[in-house]
Every structure is written in structure tokens, then in C-alpha cells.
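Student: All residue numbers for the sequence shown refer to full-length UniProt numbering, where the first residue is 1 and numbers rise by one.
Before anything else, here's the structure in question.
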Amino acid sequence: MPPQATPAAPSRPALNLMSVDEAAALLDRSPRTVRQLAAAGTLPAHRVGARVWVFDRTALDHYRHGRTAA
């Protein structure tokens with residue numbers, strides 16, 4: 001039996017997602033403030049379900065340095 005080919009890795013880069021607590025630590029803010037900023041649209045974030053927020057590390061770095069995330 002010939003060896004099976006290994007499936008190719010996905011071509012898109014993996015997102016470096018962070019939780020509210022991780023984002024709060026990175027931004028030196030409380031988790032509550034991070035949630036409020038995300039809900040207001042001030043902080044780049046994505047809602048997962050009704051209560052969970054996730055944050056992309058690159059977007060948070062841009063936010064920290066005053067640049068608009070792409």
C-alpha cells in the first residue's frame with residue numbers, strides 16, 4: 001500500500017485571538033473596561049455568541065499604538 005499524502009496546511013494565516021482578560025492585561029485596563037470599549041465599537045473586537053468577546057492581537061497592537069487596524 002503506498003504511503004498516504006499528508007494534507008496541505010491551510011494557506012491563510014492563523015489569527016492570534018485573545019480573550020477579554022488577555023486583552024485587558026495587554027492594554028493595562030480592567031476586563032470590564034475592555035468589554036465596554038468593545039461594545040461601543042471603540043476597541044476592535046468580535047462577538048462570539050451572546051456574551052463572549054474575542055480580540056485579534058494585531059488589531060489590539062494597532063489600537064495601542066494609535067493606528068487604525070486594517
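Where is the CB? At the ideal position from N, CA and C, for every residue including glycine.
Every value quoted in this text rests on a predicted model; they were computed, and no experiment measured them.
Would you decide whether residue 71 is buried or exposed? Buried here means 16 or more other CB atoms lie within 10 Å of its CB.
Tutor: The first residue shown for the chain is 1 and the last is 70, placing residue 71 beyond what the model contains.
Student: At the level of alpha carbons, what is the spacing between Ala-59 and Arg-32?
Tutor: 19 angstroms
Student: By how many angstroms is the C-alpha of Gln-4 removed from the C-alpha of Asp-28?
Tutor: The alpha-carbon atoms of Asp-28 and Gln-4 are separated by roughly 49 angstroms.
Student: Only counting the same chain, and skipping five residues up and downstream in sequence, which positions put a Cβ closer than 8 angstroms to that of Leu-17?
Tutor: Val-54, Phe-55, Asp-56 and Arg-57
Student: Compute the distance between the beta-carbons of Val-48 and Arg-35, then report whether it is under 7 angstroms.
Tutor: Taking the C-beta atoms as reference points, Arg-35 is found no nearer than 7 angstroms to Val-48.
Student: Would you give the residue range spanned by the alpha helix (DSSP H) that Asp-28 belongs to?
Tutor: Premise fails: Asp-28 is in no alpha helix (DSSP H) and is neither H nor E.
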